[in-house]
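Scroll down for the structure; my scribbles are underneath it.
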């Protein structure tokens, strides 16, 4: 997309210089605005043409039956799907009674700009109607980071040449017809007109609609108010029906005398609150927004983003494309999570309906991995959402005959919605992924209250799951059988190494945390016997190696499977799951996405450097990279093992997933995890940042002053760096937040410079050397030359960048 | 059911002495009549009350979409379901304008008898209407084995006490309302009124309806003609509408002067033939039946069954229940297959709609195993049906990226209908099961023409599947990964031993058969290189043993899985798949049904006696027996390993599956494979009959005079016996057909007597000793005492007979 001729490369903005309807749907995702609570796709103000109209609210969904031709015990019966709520974006324009529609007349100019520092989407255009009237339109739009319920639009229209009579229709529209109803007729029936009207209202410049979903019983209210500035003869009229509420403004405009409309929109929804309560909630929010005013909202937005960029910016000298892409990525990651608060962060954020708006392990393993070190205040509320869903996870575990919590593979509310258990229920690793996010957040922030509260409970209930899920063999080795790791081309396997190592981390962390918070642990029924059993299981967990090949096995026996015949697979047959049956994928050596490689990222202390190098070289040629989650992990391990050029190519791929529409589905929404992966590739890859787990020696029962605990006054946060740049870059600089400190890291070809911008002191590890950094004394260290291993090669046709025009690493 | 007080134990009949509506649905299955082409459930003549009205035609089905909440490559999109076709059984009666309905009035007597030697279902009753009129009714019903398209009913009504005016309505009824529509609304929509009327006709005593299915486009015609005998004032009138064609006979009857109606019904269906062609077909068939007459049909039926019993009867002295049950079983197995000809034999035969009327491996592995030695003329046409579906199997294999043929796990037409691939597509063993049936039939009959024709092609295309499905490891061992064996609680496993041994047999047999028929093999593109590759793969196929435990592994690593916690499983939690998720079943040591044990039955030469004993003892306590296919195989191996009492208990269970309604679903149709299993348990279990595969030495390329080939003049058919009786039996006698000979085997506690009733000579093996039997010289041999191994035990609550009242072995 960024390679599309309409787009230009700029460091702080995404700029579209003309409109190409062929890529309209993708552009709606790229230009989506969100604060994590409200999501507005980048639809045109006038509503049409569109790829997919979309307004979403975090957690707002409809339910529908999940069909099975052959049902089984424990299959979820009910699915959940994000709903396109009442559209508050729409401002239609009539020019002398002709509707402004880009598909007709002549478009002399059309530009859109998304500015990552102002958080505003701007649009300017000049259009001549079929009848020959020319107007200039300028609109700006924001979804407020500060006022969670509020979005706003400034719309300005002005004639060119001579006077023109215009009518602006600023609307709230419910139940917009969508271009692609669901395949399943029952699902389509539920989602066709999902909102049942409860109340509509229009008076003066104020509009309001309240609806309720038919099956999930959620109530949504939307209110709008307007400022109108125009010539003296400007006429306003408001009207309302069940599914549309409308302010009509008519005026005769002259060149130099525009009509300006500011629209304040507020959303609210609830499963419990009454119609009057929702009504008052949105009216209150819209009144507050109007009182802040358009300029006030702009200022709040700029200030909020200013703080964010101060702590989060990544400077990439040497590649303007990736420089732009990583800021685009961080902006959208922030948008997905900023005010999500106690709601799920969907895989697509609130930018589209892909994956039905479901949340997966992407949230904890990718998105929170970035935010923990760039916007940590967003993390606890999102983990708080997981904690809120603990009752459902406990119930699910009980249904499955397991102890503790079994969090859902995909969900909006916390109930499992995965209809294919080998890649859903069996992907138990999500529980350890959640635990790791807890652990990471607690270690990076020292948020003791969180750890003692929700954190400990999440760690304990997931540890219980692992302890009950595994079993001991005759030799006492602890096995976890029948699970699916990140690689979805190898389901229901024995001792998936990623799962086992993450379970080990989970078990150890739960035991350590219980020791730090003995009273709270007792409340949760955790005693020394249980923590002892967890530690014991952790220490005896199975780790399979193929001694002949000298590599770890992704799962027991994996390296003895037949190798996928990549040579006979044509480039058009990727992604493989669309062209080959699961049974064939599962029984062969072919990896959809980083799995063992991802384990080497998340559990670095479990592997020696040599093992990492050998493992990476073995798995690289059998990894199809059929998931957008894969490239960033491969980038990190490629960088660590010295394949710097390859790491750079993978970084490109992660960075351009949506900007270049690499998987041809950006129209359905952005790949938020891959966007997060851009930061991961740069900071964990070329910055070599790792958060190390305390070793088993730190697990002893008398270790009450655990260095990794929340009581960690020295403040290492367990962070180490091993920076190394690819040839393409002359400099990489980034900031990470840890334990209240702000650490700035600047890497050039031969030197790394560490400075503490906020905080008194911090222990830092550079390529294995530990030193203490203090406030006013930046430290420079040389960057050792990397090893130069041989390129292991990729499956034919799966070179990184092979589908990325212009990648020149 | 047989333990229900309404049923009595008789050697040659199933007798019901009174009517209990609580078991009406089950009785409809037990009393079902079929010739394999037409199936009539044992519904009451008057149509109501009913459990499930049912008239089925072999192969006649409707199609419907298969829903998936998450679809995958290669998932079948279209399902097939047996359709209740036009009901030709119905004869309603009005007694003085009150409908005869057993639920009203008073039923003084009601008896039904299914006679296994006459093939006739008889019913006699005496009923007093609510208004006080008493009538006696006697009806008889048959579905002709000789006239494939024909069924017939004789109906007689006579007043008791005084004169009564009656009206008989003999009908053809299409689209009968069914009590249980499908769960899925789309399937229900398709099946609610599956037949679209094309033509209806009624004249004199003749009725006819022609319909067509809405989606599969199959046309079905039904015609009826009647003989009416009654008093002089008897009036007849025929009328017809789209979905009902009716002959009404009214008469005033006096005691001693009955009204008698004989109804001849003929069915025909086709996907291709025109309306006039179908019309003429059924009219011709009904005219032929009328010309044969009721007595003629009775005589034909008796004669056909006489021949069958001469070759198939099993005498069980010492247990009257099992004596009755095995004849009931053989009768229904014959009914399911007799005239199936080039159509599938469904798991339920044509006795109900269970499993949607689909055919599974049951056909080849269970049903044909019996018929090959008792009614071999039925076998080639059924294997011919499989051969007819070869194009679909080749196409399916290609879709899955495989060579050769991949036959469907469940189907009516030959297209895969399994919507859950781990227990469908992955159950590749069905291909070897088909090959084994080919092999068994050719060896037992010497039908050289069949082997050279359809047989060779089936062997070749299945061998190709195995060769392509497996792969060599670095040591040259041939592995088949990612497949599901008979045990559906262990899916997608590596080197399932049953599958591997059966694939080996398949590969070897294909190579041998290609050698015997070189010209035909060349036509199929088979050369020495390919047969060499098959033999080589066969010789190097993986066989996994757990050396510590000293047993074979059901699949690689199976014995290292966690053992299912049987002690914590309550009896109500069986069958386990209704109470536990697949993921948990798959990763633990729990066996749904005989798998390795079944391998020891089908591939006896692959195990030593000691291995069989150890394997049986290991797998017995972890076998849940949650499939009706399991007990008979366990019976056979229990008998072989000396657990004779246990073998007898399992024989009971197989025998009483439907008669005692052990799985509580006999209402959906009979378990034809378990019925076949009764014979398997007796003849292979206590008779110890085995068909041995030629050893690898017989595979050498110069072995052109292969003793097992169709040119086998000595006529062993590879048959051996190792008879041994349980304490419960004083004598077991059975007949097996082999190579045109009729061998009679009679076993008592200490002696086995072999006599050749038809044929000149036959080689027989008795407990390892080979001898030649000649026409007029029966041979007696002593029965060696069995080993007396310790009882390995079963899962708690899963003792055989625990749900079989009255089992006293």
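Residue numbers (UniProt numbering), protein chains in the order written: chain A, 1 to 809; chain B, 1 to 809. Note that the Cβ used here is the ideal one computed from N, Cα and C, for glycine as well. Keep in mind it's a predicted model, so treat the numbers as computed, not measured.
Residue i vs residue j beta-carbon contact at 8 Å
i	j	result
residue 204/B	residue 238/B	yes
residue 601/B	residue 673/B	no
residue 738/B	residue 723/B	no
residue 336/B	residue 34/B	yes
residue 412/A	residue 61/A	yes
residue 487/A	residue 646/A	no
residue 410/A	residue 479/A	no
residue 779/A	residue 773/A	yes
residue 640/B	residue 718/B	no
residue 218/B	residue 658/B	no
residue 286/B	residue 224/B	yes
Candidates the options, of which the one nearest residue i by Cα
i	options	result
residue 208/A	720/A, 412/A and 241/A	241/A
residue 268/B	161/B, 283/B and 258/B	283/B
residue 537/B	258/B, 513/B, 547/B and 505/B	505/B
residue 109/B	138/B, 529/B, 232/B and 218/B	138/B
residue 626/A	524/A, 210/A, 659/A and 573/A	573/A
residue 609/A	350/A, 768/A, 276/A and 121/A	768/A
residue 249/A	55/A, 571/A, 469/A and 157/A	157/A
Listed by chain order, chain A residues near residue i by CB distance under 9 Å
i	result
residue 494/B	557, 560, 561 and 587
6 Å CB neighbourhood of residue i in its chain, flanking five on each side removed
i	result
residue 704/B	Here the model assigns residue 704/B a pLDDT of 40, short of 50, so the residue's position is not dependable and the matter cannot be decided.
residue 696/B	The predicted model places residue 696/B with a pLDDT of 47, which falls under 50 and marks its position as unreliable; any figure quoted below should be read in that light. If we look at residue 696/B and ignore the five residues flanking it on each side, it has no Cβ neighbours.
residue 793/A	621
residue 456/B	513, 517 and 520
Contacts of residue i in chain B (Cβ-Cβ under 9 Å)
i	result
residue 580/A	73, 74, 400 and 401
residue 577/A	72 and 73
Nonlocal neighbours in the same chain, by C-beta distance under 7 Å from residue i, ignoring five residues either side
i	result
residue 10/B	324
residue 105/B	127, 128, 129 and 130
residue 526/A	460 and 514
residue 804/B	Low local confidence applies: a pLDDT of 45 at residue 804/B is under 50, so the model's placement there is unreliable, and no value is given.
residue 148/B	35, 37 and 339
Own chain, CB closer than 8 Å to residue i, minus 5 neighbours either side, in chain order
i	result
residue 99/A	46, 92 and 93
residue 101/A	46, 48 and 49
residue 381/B	340, 341 and 342
Contacts that residue i makes with chain B (C-beta to C-beta distance below 8 Å)
i	result
residue 425/A	581 and 583
residue 419/A	68, 69 and 70
Under 7 Å from the C-beta of residue i: neighbouring residues of chain B
i	result
residue 482/A	583, 586 and 587
8 Å Cβ cutoff, residue i in contact with chain C
i	result
residue 262/A	Protein chains in the displayed structure are A and B, and chain C is not among them.
Q: With 7 Å as the C-beta to C-beta threshold (strictly closer), list the residues of the stretch 352–375 of chain A near chain B in chain order.
A: Residues passing the 7 Å Cβ filter: none.
Q. Between the stretch 61–94 of chain A and chain B, which residues of the former have a C-beta closer than 7 Å to a C-beta of the latter?
A. When CB distances to chain B are screened at a threshold of 7 Å, the residues of the stretch 61–94 of chain A falling below it are 66, 67, 68, 69, 70, 72, 73, 74 and 79, in chain order.
Q.
Along the stretch 638–671 of chain B, where does the CB come closer than 7 Å to a CB of chain A? Name the residues.
A. Answer set for the stretch 638–671 of chain B: empty.
Q: Taking a Cβ distance cut-off of 7 Å, strictly less, list which residues of the stretch 298–312 of chain B are near chain A, in chain order.
A: Cβ proximity to chain A below 7 Å picks out nothing from the stretch 298–312 of chain B.
Q. Going along the stretch 442–475 of chain B in order, which residues come within less than 8 Å of chain A, judged by CB to CB distance?
A. The residues in question are 471, 473 and 474.
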